[in-house]
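Everything on this sheet refers to the single structure shown next.
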Amino acid sequence: MAAASEYDHFADIYQVWTDTAASTTANLAFYVDTYLKTEGPVVELGVGDGRIAVAAAARRRSMIGVDLSQAMLDRCRARAAGAGVLDRLTLLHADFRSFQLDEPADLIALPYHSLGHLVALDDKRRAIAHVFSQLAPGGRFVFDDFFMTPGLMDHMRKVQLRAEYRSATGADTLLWVTSLVDETTQSIRVVTWEDELDAAGMQVARRYRRLSLSWLEPAQARTLLTEAGFAIESCFGDFAGTPFAEGTAHEQIWIARRPA
Ligand SMILES: C[S@@+](CC[C@H](N)C(=O)[O-])C[C@H]1O[C@@H](n2cnc3c(N)ncnc32)[C@H](O)[C@@H]1O
106 MAAASEYDHF ADIYQVWTDT AASTTANLAF YVDTYLKTEG PVVELGVGDG
156 RIAVAAAARR RSMIGVDLSQ AMLDRCRARA AGAGVLDRLT LLHADFRSFQ
206 LDEPADLIAL PYHSLGHLVA LDDKRRAIAH VFSQLAPGGR FVFDDFFMTP
256 GLMDHMRKVQ LRAEYRSATG ADTLLWVTSL VDETTQSIRV VTWEDELDAA
306 GMQVARRYRR LSLSWLEPAQ ARTLLTEAGF AIESCFGDFA GTPFAEGTAH
356 EQIWIARRPA
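This is the structure:
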């Protein structure tokens with residue numbers, strides 16, 4: 106049985122979160138396209154609410170989704186059922202570091218900075234080595250991570266009004282976010298809060314949530330991939346496929362292959 110996940114307490118606002126995020130349109134198109142171009146079994150680690158996997162399934166791509174959060178998997182199942190593609194999804198309640206596939210995959214993807222939920226470098230190392238073990242020879246591992254810059258740190262540390270919406274119970278709600286960013290440990294503590302307002306605009310409730318994140322420096326990502334046995338095919342600096350360059354990159358997007 107997989108352990109409980111921080112995302113069990115985040116699942117009900119996840120869609121508002123992704124609908125209002127800067128990079129979700131570009132990363133959605135990139136990953137769906139990558140899944141559709143792959144011939145054999147495709148796995149999305151940290152499948153979440155199926156934002157990407159269900160879009161791929163709607164284009165006839167069968168998918169295996171792995172997630173540690175039962176609440177996120179429940180949302181994924183509901184989303185797939187709503188889109189009429191539940192039969193194309195196999196969902197596994199498991200950890201990045203220990204999921205077991207029935208057959209080796211041709212593609213394992215880990216979208217949307219999700220490797221960063223493993224904060225310790227050693228856990229990332231274990232996850233990458235485990236991904237390698239679950240790939241067919243010649244299979245690919247694709248993931249993205251933050252490319253952390255002073256500008257991105259400043260942005261994350263600001264208090265931002267993320268969304269204004271009606272909650273599931275119909276409450277007028279403001280969603281706020283800020284982050285504690287620790288350069289020494291390369292870790293990020295995301296803190297969100299929702300304010301529920303009455304008809305006069307007075308706050309009637311506030312709920313806080315927190316998520317643990319982290320980032321790799323590009324040299325660390327390269328080392329972890331190489332140590333695990335991967336051959337690195339590409340590193341992009343954005344989801345349009347621009348080659349990674351320190352001066353211009355917005356993300357680090359790694360394409361690595363298990364040698365045939
Ligand atoms: C940022 S969300 C990404 C969801 C989806 N891939 C997307 O792009 O919208 C990260 C997901 O990874 C899952 N997750 C975090 N740590 C995990 C772990 N160690 N093993 C498996 N899933 C994990 C979370 O439960 C969450 O659903």
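When we follow the working numbering, the leftmost residue of the sequence shown carries the number 106, and every step to the right adds one.
We put the CB at the ideal spot given by N, CA and C, even for glycine.
### Query
Does the beta-carbon of Met106 have 16 or more other beta-carbons within 10 angstroms, so that it is buried, or is it exposed?
Bear in mind that a pLDDT of 43 at Met106, under 50, signals an unreliable position, so the model cannot answer this.
### Task
Would you decide whether Gly275 is buried or exposed? Buried here means 16 or more other CB atoms lie within 10 Å of its CB.
exposed
### Task
Pick out the complete alpha helix (DSSP H) segments inside the segment 242-268, 4 residues or longer, and give them in chain order.
255-262
#### Entry: Three-state class that DSSP yields for Asp211 in the structure shown
strand
### Task
Please indicate yes or no: does the CB of Arg156 lie closer than 8 Å to some heavy atom of ligand 1?
yes
### Message
Taking 9 Å as the threshold (C-beta atoms), are Ile293 and Ser317 in contact?
### Response
yes
### Message
Among Tyr270, Thr290, Ala183, Glu299, whose alpha-carbon lies nearest the alpha-carbon of Val282?
### Response
Glu299
### Query
CA-CA distance, Leu191 and Arg182?
7 Å
#### Entry: Buried/exposed call for Ala345, threshold 16 Cβ in 10 Å
exposed
### Message
According to DSSP, is Asp172 part of a helix, a strand, or is it coil?
### Response
strand
### Message
Quick check for students: name the residue ranges of the beta strand (DSSP E) that lie wholly in the segment 277-321, counting only runs of 3 or more.
### Response
277-287, 292-302, 308-319
### Message
So the candidates are Ser284, Phe248, Asp249; which of them puts its Cα closest to the Cα of Val264?
### Response
Ser284
### Task
Starting from the Cα of Thr254, find the closest Cα among Glu356, Gly334, Arg362, Leu279 and give me that residue.
Glu356
### Message
Please report the distance separating the alpha-carbon of Thr290 from that of Cys340.
### Response
24 Å
### Query
Just checking, does the segment 239-257 make contact with the segment 167-183 on the three C-beta pairs under 8 Å criterion?
no
### Message
For Ala163 and Ala185, what's the separation of their Cα atoms in angstroms?
### Response
9 Å
### Query
So what does Gln357 bridge to, in DSSP terms?
Asp250
### Task
Using only alpha-carbon positions, find the residue among Ala134, Ala268, Asp200, Gly342 that is nearest to Thr125.
Ala268
### Task
From the DSSP output, in three-state form, read off Ile157 for me.
coil
### Query
Which one or two residues does DSSP pair with Met148 in a beta bridge?
At residue 148 the sequence reads Val, which differs from the Met that was named. Its beta-bridge partners are Ile169, Ile213.
### Distance CB(Val147)-CB(Ser167) smaller than 9 Å
yes
### Task
Taking only heavy atoms of ligand 1 into account, decide whether any of them is closer than 8 Å to the Cβ of Tyr112.
yes
### Query
Sorry if obvious, but does the Cβ on Asp200 come closer than 8 Å to a heavy atom of ligand 3?
This structure simply doesn't include ligand 3; it includes ligand 1 instead.
### Task
Look up Arg202 in the DSSP assignment and say whether it is helix, strand or coil.
coil
#### Entry: Endpoints, the beta strand (DSSP E) within which Glu332 is located
Segment 323-333 is the alpha helix (DSSP H) holding Glu332; no beta strand (DSSP E) there.
### Query
Is the distance from the Cβ of Gly170 to the Cβ of Leu197 below 9 Å?
yes
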